[in-house]
Every structure is written in C-alpha cells, then in structure tokens.
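Colleague: Below: one structure in structure tokens.
Numbering (my numbering), first residue to last: 3 to 366.
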C-alpha cells in the first residue's frame, strides 16, 4: 500500500507549536500511530522516516513529529525534560485521534521509547506500545508494570548506544501481553532501510492481533499474471501498484508536487524496458554459453523536435527519444558485444514500444 505525506502541526503538551509529518495510506487507515524520535534526533531521522512510511504502507496512518526545541518545533531544547516529551506524545496522540477515530499505537525510538512507555499509560484508547532500542529507567519500572497495553520491545544485540540488557529489563518490568523482537545486526539508529522496514512489517503484523477484526480483514487478492492494478488517493500523486502478489509505489518528486516515495511513471516505463533488455541479453548469452557476467542498462527519456532527430521519419512536431546505454561485463569478444547490442533491440518490451499500440479505455 502506498502512502502520502502531509504537514500536521499541533499544540504540544506545554503550549509550543510542534511540527509533524503525517504519513497516510492510499486507502482508509485501519489504525494510526505516533512515532517519537530518538534523543537529539528529529522527525526527519532515517528511522522516523523509514518506519513511518513502511507503517503507512501497511494501512497505519503514522505521525512523526519534532519534540519541543528540536527540528521545526518551537521551544528551547535545553529546558525540556522527559515529562515534557511525554506531554508532547500525549498531545500528538490527541491530534491524531481527532482526525482518525481508529485504534492508536504509540511507537518510540531510543529515549523516545522511554517517553512512549511513560505516555502509553496516560492514553486510555491506545491499543499498544512499541519501543525500539529504548533505555530502561529504573525509576519507571513500577510505571511500566502498570501499563495495561500490549507491548512489543525491539532491540539489537549489537546496539552500542543502548545495551541489549535494557530490553530485558523493560520486558521483565512489563505485564503480558508482551513480546520481544531481536534486531540482529541493526545499529541503534536503524541506519539501514531494510532494518527500519523490518521493524515496521513486524510491528504491523503484531498490531493486527490487537486491532478490531474489521481493521485487518481486508487483504487484497493477487492480480492475474499480466494484469496490473493502480490505485491513488485524491490528494497528491502517490499511487499504489499491485502486480500479482507484489505491491510498490509510483509518485512524483517533491518539486513536481509529489512526495517522492516512488519512481515517476516515465521512470517505471524506462525500468520495464531496462529490465526486459537485461533479461533478454542474459538468456541469449546463456544459450550461446558466452561469458557474460553482468549487465547494466542506463536509460533516459526525452522529447526533442523532429527536425533535430537525424534518424527519425517525421520532420515536424515532437519525438519521444529513449537513450539506452549497455554496459556488458565479462570476457566477451568484439563480435559477441556487437551481437548482444543487436539482440538488445529484440526484447519484448522494446518491440512493443516500437509496434503500433492501441489503448482501449472504459469505465468499470
């Protein structure tokens, strides 16, 4: 499921205006989540952006925001305390629930996780709380034990900032239902996108056990091979694309009015041609038993005046031109390279683009 991002500013727990970014699913949210960032980080940290985006892809509208005194939010950071952060999380939850009366999750990273634990007990309609690399505060042990919310603790055994033993102490202090997920090989800041996406995917699946049945029962069916379904919301350019069991996004860059959460339509067109070209060359070289080790295809689309195109049939109007550059790795002879260049024009997508194409449109 693809997402859209919009600005959402709201009054914090201590009166300052807090700056937020709300990640929205392409369809009606099944739940919402507040993401509290790590100490001295901001709402724009990699972990905040990656996890929020991935949660929205799972149908969970997610608000990441700057604590008072950080990022774009008002306030003086040096004067803030954990209690201030807790108040800001509660305020963020209220702003989010005012827009979406759906189950709420509270997610916190590092010290944001400690604040999330303290805030969760003060948010009556929170369905669950999740911590990521959070430190254990001994003075809050009793408070953690009083949380009557489902809890999941994410932590990396290799975390060099907050040791893994903190996760054990949080887990032991909490009541059931509670879960622990090891983030093996991840760093404290979740610098790799794959680690942040893993957190989001596991978190979304875990949350499904604590959401109403109607919130999780809508699972899109696989599309038939050769059929693609594209869906978009009424705001922005973000599109959800489903091909068989696979889903991914299309979007436009920020300077074109999009959220830059996926390739634009022409980039997808070029990607299809490039992938087809590479596959065709690998199959051909394999049949010939040629030492082709790798293929890199670089493509570019442009529109030029027909009069500037020396090898075009038209001499008026505009012409679409796709430049395709092939890099072939392997101990290939000059003749083999020339032959592969010729074969590259015989991939099915290349032929489709050069053939006469009819597009038939109708209302469903």
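For each residue, glycine too, the CB sits at the ideal point set by N, CA and C.
Model, not experiment: these values are computed from the prediction.
1) Please name the residue in 198, 151, 190 and 197 whose C-alpha comes closest to that of residue 181.
2) Among 122, 333 and 66, which has the Cα closest to the Cα of residue 54?
3) Do you know how far the Cα of residue 258 is from the Cα of residue 251?
4) Rounded to the nearest angstrom, what separates residue 102 and residue 239 at their Cα positions?
5) The alpha helix (DSSP H) that contains residue 234, what's its start and end?
6) Under 8 Å Cβ to Cβ from residue 146, same chain only, skipping five residues before and after it: list those, please.
7) Below 7 Å between beta carbons: does that hold for residue 63 and residue 233?
8) Return yes when the Cβ of residue 306 is within less than 7 Å of the Cβ of residue 276, no when it is not.
9) Between which two residues does the beta strand (DSSP E) harbouring residue 133 extend?
10) Do three or more CB pairs link the region 332-343 to the region 310-322 at distances below 8 Å?
11) Quick one: what's got a C-beta closer than 7 Å to residue 227's C-beta in the same chain, skipping five residues either side?
12) What does DSSP give as the partner residues of residue 249 in its beta bridges?
13) For residue 20, write down the residues that DSSP places opposite it in a beta bridge.
14) Would you identify the three-state DSSP class for residue 324, choosing helix, strand or coil?
15) Where does residue 331 sit, in a helix, a strand or coil, going by DSSP?
16) Return helix, strand or coil for residue 27, following the three-state DSSP convention.
17) Return yes when the Cβ of residue 86 is within less than 7 Å of the Cβ of residue 135, no when it is not.
18) Please state whether DSSP places residue 51 in a helix, a strand or coil.
19) What does the alpha-carbon distance come out to for the pair residue 140 and residue 161?
20) Counting along the chain, where does the beta strand (DSSP E) carrying residue 181 start and finish?
21) Compute the Euclidean distance between the alpha carbons of residue 223 and residue 84, then round it to the nearest angstrom.
22) Which word fits residue 220, buried or exposed, when buried means at least 16 other C-beta atoms lie within 10 angstroms of its C-beta?
23) Report yes or no: is there a C-beta of chain D within less than 7 Å of the C-beta of residue 332?
24) With a threshold of 6 Å on Cβ separation, who are the neighbours of residue 131 within its own chain once the five nearest residues in sequence on each side are excluded?
25) Does residue 30 pass the burial test, meaning 16 or more other C-beta atoms within 10 Å, or should it be called exposed?
26) Are residue 33 and residue 114 closer than 7 Å when you measure CB to CB?
27) When you compare each of 321, 308, 352 and 295 to residue 339 by their alpha carbons, which one comes out closest?
28) Please report how far the alpha carbon of residue 347 lies from the alpha carbon of residue 267, in whole angstroms.
29) Check the DSSP bridge columns for residue 336 and list the partner residues they point to.
30) Under three-state DSSP, which class holds residue 70?
31) Closest by CA to residue 164, which one among 155, 362, 138 and 179?
Modeller: On the basis of the supplied data:
1) The candidate whose alpha carbon is nearest that of residue 181 is 151.
2) 66
3) 16 Å
4) Whole-angstrom Cα-Cα distance: 22 Å.
5) That residue, residue 234, is in no alpha helix (DSSP H); its beta strand (DSSP E) goes 230-234.
6) 119, 172, 175 and 176
7) Taking 7 Å as the Cβ cut-off, residue 63 and residue 233 do not qualify as a contacting pair.
8) The beta carbons of residue 276 and residue 306 sit no closer together than 7 Å.
9) 128-134
10) no
11) 246
12) 244
13) 12
14) Correct three-state label for residue 324: strand.
15) strand
16) Note: residue 27 maps to strand in three-state DSSP.
17) no
18) Note: residue 51 maps to helix in three-state DSSP.
19) 20 Å
20) Looking at the DSSP string, the run of the beta strand (DSSP E) that includes residue 181 is 180-184.
21) Distance between the alpha carbons of residue 223 and residue 84 is about 45 Å.
22) Residue confidence is low: residue 220 scores 49 on pLDDT, short of 50, so the model does not pin down where it sits. No coordinate-derived value is stated.
23) Looking at the structure shown, chain D is missing, and only one protein chain is on hand.
24) 108, 118, 122, 151 and 153
25) Exposed, by the Cβ-count rule.
26) no
27) 295
28) CA-CA distance, residue 347 to residue 267, rounds to 22 Å.
29) None, per the DSSP bridge assignment.
30) coil
31) 138
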